[in-house]
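Accompanying notes for the structure given below.
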Amino acid sequence: MYKLRGKVISKRTEDIKTSKGDFKKMLFVINKTHRDYDHQYQFEIFGEEKIVMMKDSIIEDRFVNIDFYIKSNEWKEKYFYTLVPTHIHLEDESVAPDEVYDDENELDF
């Protein structure tokens, strides 16, 4: 399990139609400033039930702390990776961003 903290900069929901049925997924991107560089990470929530559970914790321009795992799929001898959140904690707006988070256990990409 990995941890990451950043500011939500975008989110969107997609409808997926396949021969196995119709599905929903939510994609959201966070921006993390680290050592004077901005890094952006896209996360994917797959399935309407999971989206309903997590969507209230994903608000644009707000800081979040995310617990996640990395999922990998091979296709035509190439690997594709997805960041899958398991827990999203929306930070309190009234606290300055630097006061909230201790990055001791954070994954350093």
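Numbering follows the working numbering, in which position 53 of the sequence shown is assigned residue number 54; successive positions increment by one, without gaps. Every residue gets a Cβ at the ideal spot worked out from N, C-alpha and C, and that includes glycine.
Determine the closest residue to residue i out of the options, with distance taken between C-alpha atoms.
i	options	result
Asn-66	Lys-51, Thr-14, Ile-31	Ile-31
Leu-84	Met-27, Lys-56, Glu-92, Phe-44	Phe-44
Met-27	Ile-46, His-40, Lys-33	Ile-46
Met-2	His-88, Asp-93, Asp-62, Glu-92	His-88
His-90	Lys-77, Arg-63, Tyr-82	Arg-63
Gly-7	Gln-41, Thr-14, Lys-56	Gln-41
Lys-25	Phe-81, Val-53, Tyr-82	Val-53
Cα separation between residue i and residue j?
i	j	result
Thr-19	Arg-36	42 angstroms
Lys-51	Ser-73	19 angstroms
Ser-11	Lys-79	27 angstroms
Lys-4	Phe-69	6 angstroms
Ile-60	Glu-49	18 angstroms
Ser-58	Glu-75	31 angstroms
Asp-93	Val-9	14 angstroms
Asp-16	Gly-22	11 angstroms
Met-55	Thr-14	13 angstroms
Pro-86	Asp-39	20 angstroms
If you run the structure through DSSP and keep just helix, strand and coil, what is residue i?
i	result
Met-54	helix
Glu-49	helix
Glu-61	coil
Ser-20	coil
Glu-75	strand
Met-2	coil
Asp-39	strand
Asp-68	strand
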